[in-house]
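Be aware that the sequence shown starts at 3, since it is given in this note's numbering, and climbs by one per residue.
What follows is a single structure, written as structure tokens, with notes after it.
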Amino acid sequence: MLSARGLFTEILDNDESFRLFCSIAASGESQGGWENGRIAALVPPGLAELAPKIARHGADEDKHGRIFNGLLHGRGLEPADVPADTDYTMLLERAGIGLAHSRLRADQPLSEQDIVTYLAHSRVTEQRASEQMALLLKHFADHPEIGRAVRQIARDEDNHLAYCHEELLRLAAAGHARQIHRTLRECAMAEIRVYRGVSLAVMAHMGEILHWPAAKSAVLRAGIHAVYLYERAAGWRRMTSLAMPARRNALGGGPVAAEATT
3 MLSARGLFTE ILDNDESFRL FCSIAASGES QGGWENGRIA ALVPPGLAEL
53 APKIARHGAD EDKHGRIFNG LLHGRGLEPA DVPADTDYTM LLERAGIGLA
103 HSRLRADQPL SEQDIVTYLA HSRVTEQRAS EQMALLLKHF ADHPEIGRAV
153 RQIARDEDNH LAYCHEELLR LAAAGHARQI HRTLRECAMA EIRVYRGVSL
203 AVMAHMGEIL HWPAAKSAVL RAGIHAVYLY ERAAGWRRMT SLAMPARRNA
253 LGGGPVAAEA TT
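The following block contains the structure:
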């Protein structure tokens, strides 16, 4: 029987599949770091108090990219080229989710509506990241090679999700509730489609590296499609609900340095 632990152990134990996994993760985190850094620099004056929190978010994402590259270095591996069909961040942008990179490259302040769009996009994607890290934490928190990295990144992703909840609730109370709920729904439905495509692509690339039999690949594809159907029907609601987090001001402090991963 296929299990998340078994699949990831198989990926972890093979240098080429591990190299691809870490390279995809490092690329996405580094891209997120750049995006948050640009948004922090362009925050409108009326929301200036958000700038250091957004900058902290970006610094955390940059740190995660360094952690994944550190895991590669620990095995003496170089980063792999990231296949275009696995580039979650860029595929989301092409789907029109979040703020376009052309907008972030321009040296013009963002609007309050832009910040709502950014936070709603982050609320959805950080839900996914938090869940993925929770799964890894469940099975690999004490792993001698990746355990420390998993624990640190999981903690950060939970903080990012808490921050998104708190700031969106604050903006909703300030009069942006209608835009927030509309944008959350749009982001969630688009993210679900992109995540299915990326999941299928990643599994295909891993299957090629690990020489998975056709039957195993077919079962994995079916599972990915089943998750997609569930999320389209009802699972999207977990990405769009808002609740005040137990940890307030989760990104209020300065960036936390990465722990050694090897």
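Glycine residues also receive a C-beta, built at the ideal position from the N, C-alpha and C atoms.
Same chain, Cβ closer than 8 Å to residue i, neighbours up to 5 away in sequence not counted
i: A6; result: L137, H141
i: L49; result: E114, I117
i: L212; result: E12, I13, N16, S19
i: M92; result: Q33, A86
Cβ neighbour criterion (16 or more within 10 Å) applied to residue i
i: G98; result: exposed
i: A122; result: buried
i: D17; result: exposed
i: N251; result: exposed
i: S104; result: exposed
i: A57; result: buried
i: A259; result: Because the pLDDT at A259 is just 49, under 50, the model does not fix this residue reliably, and the value given afterwards should be weighed accordingly. Label assigned to A259: exposed.
i: H190; result: For the record, residue 190 in the displayed sequence is Ala; it is not His. It is buried - the Cβ of A190 has at least 16 other Cβ atoms within 10 Å.
i: S113; result: exposed
i: M205; result: buried
i: M241; result: buried
i: Q129; result: buried
i: A143; result: exposed
i: E63; result: buried
Whole-angstrom C-beta distance between residue j and residue i, which should lie under 8 Å
i: L163; j: I182; result: Not confirmed; about 15 Å, so no contact.
i: K65; j: L253; result: The Cβ separation is near 13 Å, so there is no contact.
i: P127; j: L101; result: Strictly speaking, residue 127 in this sequence is Thr, with Pro absent from that position. Actually they do not touch by this definition, with Cβ atoms about 13 Å apart.
The alpha helix (DSSP H) enclosing residue i, as first and last residue numbers
i: G149; result: 149 to 173
i: T11; result: 6 to 15
i: Q129; result: 114 to 142
i: R249; result: It is not in any alpha helix (DSSP H) - R249 carries neither H nor E in the DSSP assignment.
i: L224; result: For the record, residue 224 in the displayed sequence is Ala; it is not Leu. First-last of the alpha helix (DSSP H) with A224: 216 to 232.
i: Q181; result: 179 to 212
i: D62; result: 53 to 76
i: H103; result: 103 to 107
Residues near residue i in its chain [Cβ-Cβ closer than 6 Å; skip 5 each side]
i: G67; result: A28, E31, S32
i: M135; result: I155, A156, E159
i: F70; result: C24, A27, A28
i: E193; result: V126
i: L244; result: H167, L170, L171
i: R77; result: none
Chain B contact for residue i (CB, 9 Å cutoff)
i: E128; result: Chain labels in this structure do not include chain B; a single protein chain is all it has.
Own chain residues within Cβ distance below 7 Å of residue i, not counting five before or after
i: I13; result: S19, F20, F23, M208
i: P247; result: A164, H167, E168
Stretch-stretch touch, CB-based, cutoff 8 Å, three pairs: the stretch 234 to 254 with the stretch 26 to 42: no
The stretch 200 to 217 touching the stretch 110 to 126, judged by at least three CB pairs closer than 8 Å: no
Three or more C-beta pairs below 8 Å linking the stretch 193 to 200 and the stretch 82 to 93: yes
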